[in-house]
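S.K.: Per my numbering, residue 913 is the first one in the sequence shown, and the count goes up by one each step.
Every residue, glycine too, gets a C-beta built ideally from N, C-alpha and C.
Computed from a predicted structure; not experimentally measured.
What follows is a single structure, and I will ask about it in a moment.
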Amino acid sequence: MIEQLFSKAKAKLLVENPAFGHIISKMKFSQNDNIQNIISDGKRFEYNDEFIQTLSQEELIFAFSHASMHKILNHTSRKQKRFSYLWQLASDYAISSLLLKSGFELPSFARYQKRFDGMYAEEIYAILQDEIKNEEFSDDEELETGFNEENKQQQKRSDQTQKDPTKQNENFQLESELEERLEQKFIEDLLNKYYEEFPEPIKRYINLPSKPTINWKQLLRNAINTYAKHDYVIYPASKKLLYQGVYLPSLKSETLEITIVIDSSGSIDQQLLEEFLSEVASILLIIPSYTVDFFIIDDAIRSHQTLQKGDPFPPKYVLGGCGTDFRVIFSYLQEKHLYPNLLLYFTDLEGFFPEKKPSFDVIWVTKSKKEVNFGKKIYLPEGR
């Protein structure tokens, strides 16, 4: 009976949303009558037998779609060292909000709170953690017999591998890494193949790999060289000229400080966002020493991260959707007394400019032919 329900729902999902259908078809299913309804982390789908039999086909399809989104959004890896139960709540809230915005009807069992609309799971987690910070909280207190218990066992095996790197543990670690790479490749292939079939709200959270379209080494060479060595110091002197009796201060090499802004407003389409992020990654590869303040902005600052050489390049997901206000970043930098060597702004130029020109150099990277009030423009070529 249960298998028939699952098979029919999977078949319909493969037609209506092939990516969800393929992901749920590869997921590990197991009955767990110690839980009230359903639990999934994107790898496993655990269910209460009696509860499943009360669901309509549409409700089951929602549950399958919800479980698939955990995989698409990579929630297992993003959990890091967070409490499992609280992370499960946060990621469930984030997905339910996204599915609702994408046209799904939320069943009664879905975890959803309107206040979390538009938030990442990390943001929701921080709010939930703050709300219970004065209470005793035990990891997995409600999911002890679910997949979180399996996660604990995997962690124990991982810890044992570090303490006792035997051949068996080494093989287990290699197998786990290989399995993870294969799963990631499977998801990437699905997203690339069925990307256009996803609802627009979900598309904005899908990070597709794209190849850089601009040779930034050539276009930004002058700007980078200008700021790579910019401070004069009295000591040590320039040894090249000492023998001629000429005493000149030497140039002191400093870490390049760059501010990079990604315009994530509603007027920016997903393809342009992907191109922007790909180009930023290219820039970082050619800078030997840097500090990058990386912003996601539409009419407000949605994300701010400080990166240095060797840090993994974020972000995988982009928030936004409102109008563009270029004044936001310049006001922020002025208030914080931050003066980068260079600001790179990736945008379609549909927005409000500040009245005053900043004291630092600005380069606008765009496909638009509109004029800018200050700074230089670099055009993105049409097409990839």
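So, is L1094 buried or exposed, given that buried needs 16 or more other C-beta atoms within 10 angstroms?
M.R.: Exposed, by the Cβ-count rule.
S.K.: Look up I964 in the DSSP assignment and say whether it is helix, strand or coil.
M.R.: Helix at I964.
S.K.: For K955 versus K983, is the C-beta distance shorter than 9 Å?
M.R.: Their beta carbons are under 9 Å apart, which means K955 touches K983 by this criterion.
S.K.: Is Q1183 helix, strand or coil by DSSP?
M.R.: Helix, per DSSP.
S.K.: Alpha carbon to alpha carbon, what distance is there between A1212 and C1234?
M.R.: Those two C-alpha atoms are separated by around 9 Å.
S.K.: Using three-state DSSP, classify V1284 as helix, strand or coil.
M.R.: In this structure, V1284 counts as coil in the three-state DSSP scheme.
S.K.: Would you give the residue range spanned by the beta strand (DSSP E) that H1249 belongs to?
M.R.: Per DSSP, H1249 belongs to no beta strand (DSSP E) and is neither H nor E.
S.K.: Assuming S1201 and L1168 are in contact, meaning their beta carbons sit under 8 Å apart, how far apart are those beta carbons, in whole angstroms?
M.R.: Confirmed, Cβ separation roughly 6 Å.
S.K.: Beta-carbon within less than 6 Å of Q1220's beta-carbon, same chain only, minus the 5 sequence neighbours each way: which residues are those?
M.R.: The residues are T1203.
S.K.: If you run the structure through DSSP and keep just helix, strand and coil, what is F932?
M.R.: Helix, per DSSP.
S.K.: Does DSSP classify S905 as helix, strand or coil?
M.R.: Nothing about residue 905 can be reported from this structure: the residues present for the chain run from 913 to 1296 only.
S.K.: With a cut-off of 8 Å on the beta carbons, I'd call E958 and I951 a contact; round off their distance for me.
M.R.: Sure, about 5 Å apart at Cβ, within 8 Å.
S.K.: Which residue's Cα is closest to the Cα of L972: F1265, S1009, G933 and L985?
M.R.: The shortest Cα separation from L972 among F1265, S1009, G933 and L985 belongs to G933.
S.K.: Are there 16 or more other CB atoms within 10 angstroms of the CB of P1252, so buried, or fewer, so exposed?
M.R.: P1252 comes out buried.
S.K.: With 16 as the cutoff for other CB atoms within 10 Å, does S977 come out buried or exposed?
M.R.: Classification for S977: buried.
S.K.: On the three-pair Cβ rule with 8 Å, is the segment 1008-1015 touching the segment 1107-1116?
M.R.: Touching, per the Cβ criterion.
S.K.: Note down the Cα distance separating S865 from K1281, rounded to an integer number of angstroms.
M.R.: Since the first residue shown for the chain is 913 and the last is 1296, residue 865 is missing from the structure and cannot be characterised.
S.K.: Excluding sequence positions up to five away, which residues of its chain have a Cβ less than 6 Å from the Cβ of I1007?
M.R.: These residues qualify, in order along the chain: H978 and M981.
S.K.: In terms of residue numbering, what span does the beta strand (DSSP E) encompassing Q1217 cover?
M.R.: Its beta strand (DSSP E) spans residues I1213 to Q1220.
S.K.: Buried or exposed, going by whether 16 or more other CB atoms sit within 10 Å of the CB of N929?
M.R.: Per the 10 Å Cβ criterion, buried.
S.K.: Apply the 10 Å Cβ neighbour rule to V1240 and answer buried if 16 or more other Cβ atoms are within range, or exposed otherwise.
M.R.: That one is buried.
S.K.: Around the Cβ of A923, are there at least 16 other Cβ atoms within 10 angstroms (buried) or fewer (exposed)?
M.R.: A923 should be labelled exposed.
S.K.: Just the Cα atoms here: how many angstroms apart are D1273 and F1238?
M.R.: Distance between the alpha carbons of D1273 and F1238: 15 Å.
S.K.: My understanding is that K1269 touches T1278, with C-beta atoms under 8 Å, so please give their C-beta distance in whole angstroms.
M.R.: About 18 Å separates the two Cβ atoms, so there is no contact after all.
S.K.: Look at the alpha carbon of G1222 and the alpha carbon of L1196, and state the distance between them as a whole number of angstroms.
M.R.: Rounded to the nearest angstrom, the two C-alpha atoms are 10 Å apart.
S.K.: Kindly identify the DSSP beta-bridge partner or partners of L1255.
M.R.: DSSP output for L1255 lists T1171 and V1274 as bridge partner(s).
S.K.: Give me the Cα-Cα distance between L1040 and D1004, rounded to the nearest whole angstrom.
M.R.: Their Cα atoms are separated by approximately 13 Å.
S.K.: Given a threshold of 16 other Cβ atoms within 10 Å of its Cβ, counted over all protein chains shown, does H1298 qualify as buried or as exposed?
M.R.: The shown model of the chain, from 913 to 1296, leaves out residue 1298, and the question about it has no answer.
S.K.: Note down, in chain order, each residue of its chain lying with its Cβ closer than 8 Å to the Cβ of S937, except the 5 sequence neighbours on either side.
M.R.: Same-chain partners within the cutoff: K922 and L926.
S.K.: Here's the rule I'm using: 16 or more other beta-carbon atoms within 10 Å means buried, otherwise exposed. How should L998 be labelled?
M.R.: L998 should be labelled buried.
S.K.: What are the start and end residues of the beta strand (DSSP E) that includes Q969?
M.R.: That residue, Q969, is in no beta strand (DSSP E); its alpha helix (DSSP H) goes Q969 to I984.
S.K.: What is the rounded straight-line gap between the Cα of I1218 and the Cα of Q943?
M.R.: Ile is not the amino acid found at residue 1218; the sequence shown has Thr there. For T1218 and Q943, the distance between alpha carbons rounds to 44 Å.
S.K.: Is E1017 helix, strand or coil when you go by DSSP?
M.R.: The answer is coil: DSSP assigns E1017 none of H, G, I, E or B.
S.K.: Look at the Cβ atom of I935, then the Cβ atom of I1099, and state whether they are nearer than 9 Å.
M.R.: Yes, they are a contact pair.
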